[in-house]
Every structure is written in C-alpha cells, then in structure tokens.
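Presented below is the structure to which this report refers.
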Amino acid sequence: MHNDLIGDFEEYPTAQELWKALKVQYGRTSATSLRGLTMKFDSYKMRSKHTMKQHLRAMSTMICELKTVGNNLIDEQQVQAVICSLPSSWETISQNMTHDENIKSFDDVARHLEIEAEHLEAAKPNGSIYMAETNSRRASRPKRKSPDYTLGQVQPSGPAPKKAKTTKRTTKGKRGGKKDKSKLTCYNCGKKGHFPRECTESKKVTTNPISRCVFVTSHVMIAHSTPVWTVDSATTDHVAQDRVGFVEFCWIAIGSRNITVRNEASVEVLGIGTYKLDLRVFLLTSSDDVSNNSVVWHARLGHIGQERMARLAREGLIGNLAKVTLPTCEHCLIGKSKRKPFGKATRASFPLQLIHSDICGPMNVRPRHGGSYFITFIDDFTRNSHVYLISHKSEALDCFRRYVSLVKNQLDKSIKALRTDRGREYLSKQFKELCDKKGIMRQLMMPRTPQQNGVAKRRNRTLLEMVRSIMAQANLPISYWGDAILTAAYILNRVPSKSVPSTPYELWIGKKPNLSNLRPWGSAGFVHDTFHKYGKLGPRGKKCIFIKYSEHSKGYVLIGEQPDGSVTEMESRDVDFIENEFPSRGEVDKDLTLYEMMDPNEGAPSSLVENQEEILETPRDSGSDLQPSGSAPLEEDSQQP
4 MHNDLIGDFE EYPTAQELWK ALKVQYGRTS ATSLRGLTMK FDSYKMRSKH
54 TMKQHLRAMS TMICELKTVG NNLIDEQQVQ AVICSLPSSW ETISQNMTHD
104 ENIKSFDDVA RHLEIEAEHL EAAKPNGSIY MAETNSRRAS RPKRKSPDYT
154 LGQVQPSGPA PKKAKTTKRT TKGKRGGKKD KSKLTCYNCG KKGHFPRECT
204 ESKKVTTNPI SRCVFVTSHV MIAHSTPVWT VDSATTDHVA QDRVGFVEFC
254 WIAIGSRNIT VRNEASVEVL GIGTYKLDLR VFLLTSSDDV SNNSVVWHAR
304 LGHIGQERMA RLAREGLIGN LAKVTLPTCE HCLIGKSKRK PFGKATRASF
354 PLQLIHSDIC GPMNVRPRHG GSYFITFIDD FTRNSHVYLI SHKSEALDCF
404 RRYVSLVKNQ LDKSIKALRT DRGREYLSKQ FKELCDKKGI MRQLMMPRTP
454 QQNGVAKRRN RTLLEMVRSI MAQANLPISY WGDAILTAAY ILNRVPSKSV
504 PSTPYELWIG KKPNLSNLRP WGSAGFVHDT FHKYGKLGPR GKKCIFIKYS
554 EHSKGYVLIG EQPDGSVTEM ESRDVDFIEN EFPSRGEVDK DLTLYEMMDP
604 NEGAPSSLVE NQEEILETPR DSGSDLQPSG SAPLEEDSQQ P
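Using this note's numbering, the first residue of the sequence shown is number 4, and each one after it goes up by one.
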C-alpha cells in the first residue's frame, strides 16, 4: 500500500476488515470500465516498436484485466482478437491462421506467432542493400570519393564539394607560362574570363530527376518434352518419336509399312535407321530384369505373397533383388482361390418391393397333418412372414399363388421382386409363367451360395429355434411341430427385431399389435361347453390343450379327449387358461430332436418317424373348416377372448 493511503485505513484493526474496505473503495467495477476494456482489447493493434513477445504479453495482460472485471472471453474471441491485431505485413500469416483448425486457444496462436517471428528474424540479411547509378556525364571525369548514401537518399549529380586546400593552385602552365582566360567560360555563371572556382556568384547545385526503376519478374511455363525410353533387349525393332539421335536413317515409301500400337491405332512408318543411345539419359532394361527375378524367386519360395517377398528383399535375403514386382500368377489363382466377401445388402424402401422365399425340409419327424415341409415368404421392408405347411415341394407354386392374392387384397399393392434359390420348385415352367403374368422380377441366388438368400435362411432358423424352445416346455409329442411353427410365425410378426425399427405387424397393418391374447403354447385351457349335453347339472367346461391361434377366427385352437379315447381339435374364444400347467398327450419323447434332413431327390423323406395318433378334425365351437396345411398370415389381432 502506498504511504499516502496508510492514514486513510489506520482505523481497521484486522487484515480482513482492511481488505473489505479496500474492495469497497477501489474494487468496484462499472459497466463503463468493462465496456472500455472490451473496446480497447478489440481494437488493439501491434505497435511498430514492439516485438512479437511484447505484443503478446500486452494482449495477455488485457485478457487478465477483462477476466478480473467479469468478462471471461472464450478461446475463439481471444484468437480472433490476436489475429486482427497483427499489422498488414503479417497479412499472409493471419490468413493462414484463420483457416488453421489446430489453432483453438490463445496459447496456440501465441506459440504459432512466436515461431513465425523467429523465422522472420533469422531470415533478415546481415549487410545493407545499396543501389548503384550510372551517370554518363561523369563517366569521363576522374573518380572522386563521395560520402556514403543510404538506401532511399538522393545523390546529387554535380561535383562533390571539397574542402579548400591551404596551398593555392597556380594558373601557370607546365612550362611556367600563364594561361589565357579570355576564352574560358564559367559553367557556374556562364560568363567568360574566369574559372568556376573563381566565380563570385553562388554556386548552383542541379539535381537530375530520379529515375525510378521497376524490376518485373515473370514466370513462363514452357512445355519441354524429354524422351524417356525403356528399351526391351528381347525385341528386334524399336520406335522413336523423332529423327534426333539417329546416326543412320533411310526414308521408306509412304504407306509401305504400318505398325499397330497399344490402343489398336495404326501408325505409319516414315523411315528405318540406327539409333544411338545415350546411357546417361536413357534406361536400358535387360531381359533379366526385376520382374523376371521376382517371378523366379516367387516360384522358389513356394508362391508366397508379394508383401512377404518385399520383407525378404528389404532384409537382403533374396540376392540383389531390390524391388519385388509380381504379375498375376495363374498357379496362385488355382491354389489360393477363395470366395469373395458378401457386402451389406440394400434394403427395400416400401412393402412388397422384395419378397424372400425358401422351403425348409424334409423334417425328421412327420407332423400329425402329414406335411414334412414348410415354405416361408418374408417381406424385406417389414420383415412380415407367412408360413405354409406342405407335403411336397411341388406345392410351392400353389402356396405362392395364394400368397400373391392375399397380399394384393390386404395392401392393394403388387409384388415387385421375388428372391429364391435355384430349387426345381422355383424354376418350373408354371412358376415362371405366374411371375411373368404378375410382372414379378425373379432374383435367383448363385448355386451353393445361401448367403444371397440370407433373410429367408435366417427366418427358418429362428422359427425352428423357437419351436424347439416352446416344445421343450410343453408336454406334447414332437409330431405337433407343425402347429408349433405356425404359432412361432404368429408371434414373430408381433415382436420387434433388429432389422426393423418397430414390429412387422405395425409396419404391415399400420397400428400396434395387441399382445393380450397370447398364451403359452401347450398350456391347459378350459373350453366352455355350449351344447350342454348333460343337462343343467352337467359340466360347463372341458380341459383341453392349446396348440395354435385360429387362422380364420378370433379364438384359439385346442385339442381335447373324447370319452371313447379319440382326440378332437376344436376352436373357441371362451377359454380359461392355466398358463403354468402343461398337460401331456400320448407318449412324449423328450430325447427326440427336430431337425431338417437332406433331400437330394427333392421328394418325400424315406425314413420318417410316423405319428400313430389319429385326430378327428371336428370343430365344435365356430364351425369353420380348418386347413390341415394351414398358414400363419398376418390378420387383424384378435381381442381378449
């Protein structure tokens, strides 16, 4: 604290009270002072007498002052202010820093400017630059010493002033005689009779106008062609572009000889001769060149790759071979051929733009309805799937015809393309005629390339995995896998997947699915008896087993046992479920696994596990006929039964 201020603050006993008083007296900031500091910082320019370090120190001080009064400048404002404060001589550097993305803070721009300042300081010359001027008027005169003139000063063209000597020059000639002055003319006053040094008038100093010379340097780009040859010593003739370099040359008749160059153009030959090679300019390649050596070593090393050969060449392990250049090796193509990678497929942009289809089967167990195959149709955009149970692959045409009619009625759109494998069922004449009639483009995958039909293959795998899981929980024979796979398709259409942003049902129908009607497959359900065969005091419900969702009605399909021991399949919406109870039916072999068998003849499987159980298909509640080889189409969701 200054001595003049000590008396004003002696009354404060503690340092804390003294500090508060000082803050009240001198620490208050106003909007005016803040505005002034900001304007000073924004308009500050580098002074000519300051070095770059001094300039940056001044800018840093102003940034600290602004921070003290409550104006915390962001890094971009600091960088912009420093760049704008540079003089015009730094314009090029300022532009470079403006477009440099690596300069993000005050420290970055300060470091960059200090480095540039050091480079400019180091580039200054040690000596001075002088400009020489020739004066024809003074060329015949003796040379006189003249004072130094710095760059930019004007040097007078007249005689340089001299100090008077103590001894006077005599006007006598060499022989002692006096010279006649009557004919002399003074070039100072123009009068005769005296020398200029004896002239009494004031001396005139004339200055020639300065001739300002501007030196202009221009760069002219001139195309210069230098012949570069790669001579093949294995050939007998070579082609030259001009006659320069020929030691012997003989013209030939026009049109007597033509040659064909690489682009299949015919070029006329003008003459034949002997060409002298300047080995200091032209490169001569012998027949035992790098490429041939690379090929030999490639064979010696068991046809290893070019990168591994290059490592050996860098380590000097394969002779004098400095560079490895290998042509296409047919032997490597034969021995190392591999399949090309499969890129990401392009998705459809609207429903029915692309349909995937595949047939899975025959399965190792014949289902209770007799069909050992199932065929799937999957829409690429929505991933909605339809599944049909079939007995033979030849039924694929009928299933596809039903599918085309169904989707046309539901969406009022036509199928644009169908992607399948090359199975006989898809290549038949009838199938081709149907696609041509409907305007459906065929997309057939390459032989033994299931990756090109991966959507259908993956859906078949997902269906079988779900079937195995729900059948493992239920206590029904494996011959019920047909009903289970229709149930799995029904569920997959109503749950989300990684391929689509929402559920297939929502993309296909346009509204969210209702999942309140879902029940565990194979669980116990008590069906309401509407016939009352046993009178008013008879039972009103019958215990059954849930096997699938009704295809044509809003209800469930269940199986129940009759008094005579036969099994009846029925549909009903009046069902009360016990979801944690899974009744058994017949002999259940948990060790029997469901899988797809090889079918080289594309016919019905020869060794299937037969289902000896006979089921009477007598619907009780709805009265609608059931389709043994049914499907799981995407109909409207049923309400809570």
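Built from N, CA and C at the ideal position, the CB exists for glycine as well.
Pairwise C-alpha distance: L466 and S472: The residue given as residue 472 occupies position 469 in the sequence shown. The residue given as residue 466 occupies position 463 in the sequence shown. Computed Cα separation, rounded: 10 Å.
Please name the residue, chosen from S92, A459, E310, Q83, that lies closest to D110 on a Cα-to-Cα basis. Within the sequence shown, numbered from 1, the residue matching residue 110 stands at position 107. The candidate whose alpha carbon is nearest that of D110 is Q83.
Tell whether a beta-carbon distance below 8 Å holds between R543 and G558. To locate residue 543, count along the sequence shown from 1; it is residue 540. To locate residue 558, count along the sequence shown from 1; it is residue 555. Taking 8 Å as the Cβ cut-off, R543 and G558 do not qualify as a contacting pair.
Length of the line joining the Cα atoms of G338 and A491: Residue numbering aside, residue 338 sits at position 335 when the sequence shown is read from its first letter. Residue numbering aside, residue 491 sits at position 488 when the sequence shown is read from its first letter. G338 and A491 have their C-alpha atoms spaced approximately 45 Å apart.
Just curious, the beta strand (DSSP E) that E119 is in, first and last residue? Mapped onto the sequence shown, residue 119 falls at position 116. Per DSSP, E119 is not a residue of any beta strand (DSSP E); the alpha helix (DSSP H) it occupies stretches across 109-125.
Tell me whether the segment 382-389 and the segment 360-372 touch, counting them as touching only if at least three CB pairs, one residue from each stretch, are closer than 8 Å. With a cut-off of 8 Å on Cβ pairs, the segment 382-389 is not in contact with the segment 360-372, counting fewer than three such pairs.
Going by the beta-carbon positions, is the gap between F403 and V390 smaller than 8 Å? Along the sequence shown, read from residue 1 onward, the residue named residue 403 stands at position 400. Along the sequence shown, read from residue 1 onward, the residue named residue 390 stands at position 387. Against a cut-off of 8 Å, the Cβ pair of V390 and F403 comes out as no contact.
Which class does F580 belong to by DSSP, given the choice of helix, strand or coil? Residue mapping note: residue 580 aligns to position 577 of the sequence shown, counting from 1. DSSP, read as helix, strand or coil, puts F580 in strand.
Please check the pair Y406 and F380, which I expect to be a contact at CB under 8 Å, by giving their CB distance rounded to whole angstroms. Along the sequence shown, one-based indexing puts residue 406 at 403. Along the sequence shown, one-based indexing puts residue 380 at 377. Confirmed, about 5 Å.
The segment 474-488 contacting the segment 587-599, beta-carbon criterion three pairs below 8 Å: As far as the Cβ criterion goes, the segment 474-488 touches the segment 587-599, which means the pair count is three or higher.
Where the beta strand (DSSP E) through E564 begins and ends: What you label residue 564 is simply residue 561 of the sequence shown in a count that begins at 1. Where E564 is concerned, the enclosing beta strand (DSSP E) stretches over 559-564.
For P16, collect the residues of the same chain with a Cβ closer than 7 Å to its Cβ; drop the 5 residues on either side in sequence, then sort them by chain order. The sequence position of residue 16 within the sequence shown is 13, counting from 1. So the list is empty, once near-sequence residues are dropped.
What are the partner residues of V270, as DSSP defines its beta bridges? The sequence position of residue 270 within the sequence shown is 267, counting from 1. Bridge partners of V270: I262.
Suppose the cutoff is 8 Å on Cβ atoms and the five residues either side in sequence are ignored; what does the same chain contact list for K545 look like? As a working mapping, residue 545 is identified with position 542 in the sequence shown. Contacts found: F529, V530, D532, G563.
Proximity of D361 and N266 at Cβ, strictly below 8 Å: Residue mapping note: residue 361 aligns to position 358 of the sequence shown, counting from 1. Residue mapping note: residue 266 aligns to position 263 of the sequence shown, counting from 1. Note that the C-beta distance between D361 and N266 is not below 8 Å.
Kindly identify the DSSP beta-bridge partner or partners of M449. The residue you call residue 449 lines up with position 446 of the sequence shown. Its beta-bridge partners do not exist; DSSP assigns none.
For M444, collect the residues of the same chain with a Cβ closer than 7 Å to its Cβ; drop the 5 residues on either side in sequence, then sort them by chain order. Taking the sequence shown and counting its residues from 1, one reaches residue 444 at position 441. Hits under 7 Å: K419, A420.
Any idea what DSSP makes of S297, helix, strand or coil? Your numbering for residue 297 matches position 294 in the sequence shown. It is helical.
Residues bridged to G276 by DSSP? Along the sequence shown, read from residue 1 onward, the residue named residue 276 stands at position 273. According to DSSP, which records beta bridges pairwise, G276 is partnered with F252.
Quick check on the DSSP output: the beta strand (DSSP E) that includes E574 runs from which residue to which? Mapped onto the sequence shown, residue 574 falls at position 571. 570-575 is the extent of the beta strand (DSSP E) around E574.
Per DSSP, what kind of secondary structure is L357 in: helix, strand or coil? Counting from 1 along the sequence shown, the entry for residue 357 is found at position 354. Note: L357 maps to coil in three-state DSSP.
Span of the alpha helix (DSSP H), counted from its first residue to its last, around H334: For this step, residue 334 is matched to residue 331 along the sequence shown. From DSSP, the alpha helix (DSSP H) with H334 extends over 333-338.
Suppose contacts are defined by Cβ-Cβ distances below 8 Å. Is L40 in contact with L59 by that definition? Reading the sequence shown from its first residue, position 37 is the one you call residue 40. Reading the sequence shown from its first residue, position 56 is the one you call residue 59. Remark: C-beta atoms of L40 and L59 do not approach each other more closely than 8 Å.
As a quick exercise: from S51, I106, L123, M600, pick the residue whose alpha carbon is nearest that of P90. Sequence index remark: in the sequence shown, residue 90 carries index 87 (1-based). The candidate whose alpha carbon is nearest that of P90 is S51.
Give me the Cβ distance between E117 and M62, rounded to the nearest whole Å; I'm assuming they're in contact under 8 Å. Locating residue 117 in the sequence shown gives position 114, counting from the first residue. Locating residue 62 in the sequence shown gives position 59, counting from the first residue. Actually they do not touch by this definition, with Cβ atoms about 13 Å apart.
Cα-Cα separation, L341 to P354: Residue mapping note: residue 341 aligns to position 338 of the sequence shown, counting from 1. Residue mapping note: residue 354 aligns to position 351 of the sequence shown, counting from 1. The question names Leu, but residue 341 in the sequence shown is Lys. Using only the alpha carbons, I get a separation of about 36 Å.
Give me the Cα-Cα distance between E251 and G305, rounded to the nearest whole angstrom. Translated into the one-based positions of the sequence shown, residue 251 becomes position 248. Translated into the one-based positions of the sequence shown, residue 305 becomes position 302. Roughly 49 Å between the two C-alpha positions.
Give the secondary structure of D382 by DSSP, where H, G and I count as helix, E and B as strand, and everything else as coil. The sequence position of residue 382 within the sequence shown is 379, counting from 1. Secondary structure of D382 (DSSP, three-state): strand.
Beta bridge counterpart(s) of M366 as assigned by DSSP: Working through the sequence shown from its first residue, we reach residue 366 at position 363. Partner(s): E599.
Assign P516 to buried or exposed, taking buried as 16 or more other Cβ atoms, counted over all protein chains shown, within 10 Å of its Cβ. Indexing the sequence shown from 1 puts residue 516 at position 513. Taking a 10 Å sphere around the C-beta of P516, we find 16 or more other C-beta atoms and assign the residue as buried.
Distance, Cα to Cα, S431 vs I393? Here the question's residue 431 lines up with position 428 in the sequence shown. Here the question's residue 393 lines up with position 390 in the sequence shown. S431 and I393 have their alpha carbons spaced roughly 17 Å apart.
Classify M100: buried if its beta carbon has 16 or more other beta carbons within 10 angstroms, exposed otherwise. The sequence position of residue 100 within the sequence shown is 97, counting from 1. Classification of M100: buried, given that the 10 Å Cβ count is 16 or more.
Can you look up F12 in the DSSP assignment and give me helix, strand or coil? As a first step, residue 12 must be located in the sequence shown, where it is residue number 9. The answer is helix: DSSP assigns F12 an H, G or I state.
Just how far apart, CA to CA, sit P504 and E574? Position 501 of the sequence shown, counting from 1, holds the residue named residue 504. Position 571 of the sequence shown, counting from 1, holds the residue named residue 574. Annotation: P504 to E574 spans about 34 Å, alpha carbon to alpha carbon.
Taking buried to mean at least 16 other C-beta atoms within 10 Å of its own C-beta, is S382 buried or exposed? Here residue 382 refers to the residue found at position 379 when the sequence shown is read from its first residue. Correcting the residue type first, residue 382 is Asp in the shown sequence and not Ser. Within a 10 Å sphere around the beta-carbon of D382 sit 16 or more other beta-carbons, which makes this residue buried.
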